[in-house]
Amino acid sequence: MLLKQSTRQHFHTLLDAFALKAGDEPAIIYLETGADPITVTRRDFYQQVSTHAAALHGMGIQPRDLVILAHTQNLESIFAFWGAMFMGAIPSMFPTLTEKLDPEIYMSSMAQLVAHSSASMVLTTDAFAPELGNVVRCPVVGSSAFASDSRPSIKEKGHTANPDEVAFLQHSSGTTGLQKGVALSHTAVLNQLASYSDALNLTGDDVIVSWLPLYHDMGLIAGFLMPLVQGIPLVLMSPFDWVKHPALLFRAIHDYRGTLCWLPNFAYNHCARRIRKRDTEGLSLAGMRAFINCSEPVRAASHRAFYERFRDNGLTMEQLQVSYAMAENTFAVTQTPLRQLPTHDFIDRHVLENERRAEPVASDSADALENVSCGPPIDGVQVRVVDDQGSLLPERRVGELQVTSSFMLTGYYERPDLNEKLFQDGWYATGDMGYLADGEVYIIGRKKDLIINGGKNVYPQDLEAIVNTVPGVHPGRAVAFGVYDEREGTELIGIVAEVDDHSDHHQIAQEIRHAIASQTTVTASYVHLVDDKWLIKTSSGKIARAANRDKWLAEREQAT
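For what it's worth, this note's numbering labels the leading residue of the sequence shown as 3, then goes sequentially.
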């Protein structure tokens with residue numbers, strides 16, 4: 003029985019849903035470069051989860067203890083996550099330290115959060131355990147030590163959970179991904195899965211294919227919990243494998259008849275540019291019901307590039323769908339209707355910048371800005387738009403999006419300072435700027451990143467999209483931000499972009515300035531070109547605008 007709104011009354015906790023799944027059907031097919039696929043049946047999955055739960059219990063973990071998993075993405079972390087829930091603890095997936103993250107900042111953040119949340123244990127890799135054990139105030143257990151535990155099997159059904167108690171934590175994305183623990187109850191997660199499954203018309207024939215990291219809401223909910231709760235196969239691979247060999251995703255879709263896959267916007271460009279024709283010869287995408295663009299502002303150009311590259315493999319534009327989601331809402335807020343083309347809204351750029359209004363114009367207008375709809379709210383969600391004073395705005399007026407639903411977070415874990423003003427009359431302020439049109443949601447950008455240049459409202463992702471088209475700029479490796487200038491009395495626009503060492507920096511900088519000036523009504527006052535790995539990204543791969551602005555300002559001050 004699938005979890006849908008019509009069957010929701012039969013599911014009380016995630017453990018109930020999990021206990022209903024048994025047998026020899028595949029639960030997870032785990033893929034790793036250079037290794038044979040590992041198929042975990044539902045029966046095997048249940049046994050692994052119960053023995054991991056017993057091991058945690060044997061190490062002294064009690065119900066309601068917080069257990070942090072700072073693993074590389076593998077089956078061990080998956081079994082441990084469910085095992086913690088199975089015995090009543092609260093699991094939370096954290097990112098591991100990678101080359102994209104500053105080690106000093108990561109360790110400092112991890113130490114503070116472990117202390118602040120009173121975490122009882124951290125499970126991590128053998129290589130990372132000693133280093134992490136020196137900075138956190140709780141036991142840190144490596145893979146070998148955990149595996150050496152006797153792990154007596156738990157025969158009973160596990161912890162008897164209260165539906166309204168916290169099931170697990172997600173973490174809002176940030177420079178290290180460890181800022182705020184989003185506490186989600188069993189009730190909230192089940193409500194989300196039921197409603198979102200209806201929006202997707204999910205069936206028992208679906209197969210979800212994912213490379214997404216499990217510490218991010220898109221990977222954790224859509225690419226992990228949903229298939230396991232629903233009893234449909236999950237084909238999972240490492241995000242590190244996918245980045246190096248993106249064609250693995252398409253091979254997995256072809257081999258295992260995948261039907262649903264979630265991707266952040268940058269992945270469409272990454273696949274279109276990096277995957278060679280010979281690597282997808284003979285592969286079919288015709289059975290896919292949807293590639294769902296989520297987590298970043300959606301770019302129509304990214305969809306078109308993806309379609310042009312893979313249409314010979316059976317891809318259609320109708321398969322390219324969109325969702326607006328956030329951890330605080332468990333996951334999905336909206337979803338474009340499957341089997342329909344998402345709505346493209348063409349609005350006047352000048353009116354948007356000067357009046358915060360989405361005025362429709364012809365698609366071939368010189369001032370047209372193309373926005374892709376995120377779809378209507380799914381059942382159980384309401385969305386409204388408010389101005390800077392909190393007053394309700396009508397359709398096509400740009401303001402901050404607020405959300406209320408039956409699957410909102412319980413609160414930020416152990417953060418009373420944030421929870422005191424979490425909701426405004428039951429509405430959660432998302433921090434995202436956007437508008438409603440014909441009942442559908444359009445995202446413009448983050449409120450905190452908005453640049454006010456000469457009275458114009460400039461959205462940095464629009465500038466970044468332009469910079470990323472300039473030859474020589476590494477795709478997805480550009481950031482735009484505002485720099486307040488006392489003499490001008492307004493914010494000037496700064497651009498930092500990564501390029502190759504041997505490239506003509508002067509020429510590329512000139513082309514960036516020209517591209518921005520010719521395609522917008524603003525100019526870039528500062529263009530700074532840097533080498534690989536200069537830019538700071540969040541754990542989920544997003545550009546950390548504030549952190550990069552601070553880094554650029556610090557380097558500029560040192561240079562003077």
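Don't be surprised by glycine CBs; every beta carbon is placed ideally from N, CA and C.
Every value quoted in this text rests on a predicted model; they were computed, and no experiment measured them.
How is residue 476 classed by DSSP in three states: helix, strand or coil? strand
Beta-carbon spacing of residue 337, residue 378 below 9 Å: yes
Below 8 Å CB to CB, which residues in the same chain sit around residue 26 once its five sequence neighbours on both sides are set aside? 43, 44, 45
Residue 230 to residue 268 span [Cα, whole Å]: 27 Å
Can you check which of these residues, 162, 365, 182, 187, is closest to residue 169 by C-alpha distance? 187
Cβ neighbour criterion (16 or more within 10 Å) applied to residue 489: exposed
Identify which residue in 313, 408, 444 has its Cα closest to the Cα of residue 428. 408
What does a CB cutoff of less than 7 Å around residue 345 pick up in its chain, not counting 5 residues either side in sequence? 375, 442
Going by the CB atoms, is the gap between residue 412 and residue 166 shorter than 9 Å? yes
Rounded to whole angstroms, what is the Cα-Cα separation between residue 117 and residue 130? 18 Å
Residue range of the alpha helix (DSSP H) that residue 343 falls in? Careful: residue 343 lies outside any alpha helix (DSSP H) and carries neither H nor E.
Taking 9 Å as the cut-off, decide whether the C-beta atoms of residue 432 and residue 397 are in contact. no
Just how far apart, CA to CA, sit residue 544 and residue 217? 14 Å
What residues match up with residue 409 in a beta bridge as DSSP calls it? According to DSSP, residue 409 bridges with nothing at all.
Residue 311, enclosing alpha helix (DSSP H) - first and last residue: 302–312
Coarse secondary structure for residue 170, derived from DSSP in three states: strand
Figure out for me which residue from 339, 128, 113 has the closest Cα to the Cα of residue 203. 339
Using DSSP with H/G/I as helix, E/B as strand and the rest coil, what is residue 116? helix
Output the distance between the C-alpha atoms of residue 415 and residue 143, rounded to the nearest integer angstrom. 23 Å
For residue 476, which option in 173, 485, 498 has the closest C-alpha, if you only look at C-alpha atoms? 498
Taking Cβ to Cβ, would you say residue 261 is nearer than 9 Å to residue 224? no
Helix, strand or coil: how does DSSP classify residue 223 here? helix
Please report the distance separating the alpha-carbon of residue 157 from that of residue 556. Because the pLDDT at residue 157 is just 49, under 50, the model does not fix this residue reliably, and the point stays unresolved.
Tell me the DSSP secondary structure of residue 496 in three-state form. strand
Using 10 angstroms around the beta-carbon of residue 152, count the other beta-carbons present and answer buried if the total reaches 16, otherwise exposed. Reliability of the predicted coordinates at residue 152 is poor, the pLDDT of 48 falling under 50, and the value obtained from them is presented with this limitation in mind. With fewer than 16 Cβ atoms within 10 Å of its Cβ, residue 152 is classed as exposed.
Measure the C-alpha to C-alpha separation of residue 474 and residue 536 and round it to an integer number of angstroms. 16 Å
Take residue 36 as the anchor and find which of 311, 112, 244, 137 has the nearest alpha-carbon. 244
When DSSP labels each residue in this structure, what does residue 267 get in the three-state scheme? helix
On a CA-only basis, which of 81, 68, 87, 410 is nearest residue 141? Give me that one, please. 68
Paired residues, beta bridge with residue 384 - DSSP: 406
Can you grab the Cα-Cα spacing for the pair residue 125 / residue 56, in whole Å? 15 Å
Just how far apart, CA to CA, sit residue 162 and residue 14? 11 Å
Excluding sequence positions up to five away, which residues of its chain have a Cβ less than 6 Å from the Cβ of residue 553? none
Run through DSSP, which three-state label would residue 91 get? coil
Have a look at residue 350 and residue 522 and give me their C-alpha separation to the nearest angstrom. 11 Å
Alpha carbon of residue 355 to alpha carbon of residue 330, nearest angstrom: 29 Å
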